[in-house]
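Colleague:
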Amino acid sequence: MRLGWLVGLFIVAVPVLAAEDFYQEEIRKRISPIGNVRVQEAPAEARKAVEELQPEAQPVAEKAPGAEIYNTYCSVCHQAGVAGAPKFRAAEDWKARLSEKGISGLVTTAIKGINAMPPKGTCTKCTEEEIKQAVEYMVPQA
């Protein structure tokens, strides 16, 4: 009797396992790539044509000192004049401040903070020199 159950179990298990392999193979076929890409060096004529079409590399313009600090930390408020912040290079906003404090006074104010502006304008890792460069970048250029 036990032998009969064992044979019956074997007869049922083999087709189930075979079907599982069949389904796995079907899935592999469905998700396999459609084609293969052959990568080789382009012919000389093609390389020459591509080189002719590509523009010559333009030298990267050097950013003004303070531009990166301004764009990262200061522009959020100073671009739109949020909470009374003087707008970027707007002469009418900076005139009174420059005549009253000068650049060194503005740098000191930027480092210590004023009104809604936090110390160093949220750039806690900036050095005093970087803050000075950012202030000089923001004020109207003569």
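All residue numbers for the sequence shown refer to full-length UniProt numbering, where the first residue is 1 and numbers rise by one.
All C-beta atoms, glycine included, are put in the ideal place defined by N, C-alpha and C.
Find out if the Cβ-Cβ distance for the pair P119, I111 is shorter than 8 Å.
Modeller: yes
Colleague: Out of curiosity, what's the CA-to-CA distance linking A80 and A116?
Modeller: 14 Å
Colleague: Expressed to the nearest angstrom, what Euclidean distance is found between the alpha-carbon atoms of R97 and E52?
Modeller: 53 Å
Colleague: Going by C-alpha distance, which of V139, L9 and L6 is nearest residue 215?
Modeller: The chain is shown from 1 up to 142; residue 215 falls before or after that span and cannot be answered.
Colleague: In terms of DSSP beta bridges, what is M117 paired with?
Modeller: I114
Colleague: Pop quiz: Q133 and P65 are said to be a contact at Cβ under 8 Å. What is the actual Cβ separation, rounded to whole angstroms?
Modeller: 4 Å
Colleague: DSSP state of G4, grouped into three classes?
Modeller: helix
Colleague: From residue 165 to I103, what distance separates their C-alpha atoms?
Modeller: Lying outside 1 to 142, the shown extent of the chain, residue 165 is not represented and no answer is given.
Colleague: At what residue ranges does the UniProt domain "Cytochrome c" (61–142) contain a whole run of the alpha helix (DSSP H), taking only runs of 4 or more?
Modeller: 75–78, 91–112 and 128–138
Colleague: Quick check on this structure: which residue in Q141, E130, I11 and P43 has the alpha carbon closest to the alpha carbon of K95?
Modeller: Closest option to K95, judged by alpha-carbon separation, among Q141, E130, I11 and P43: Q141.
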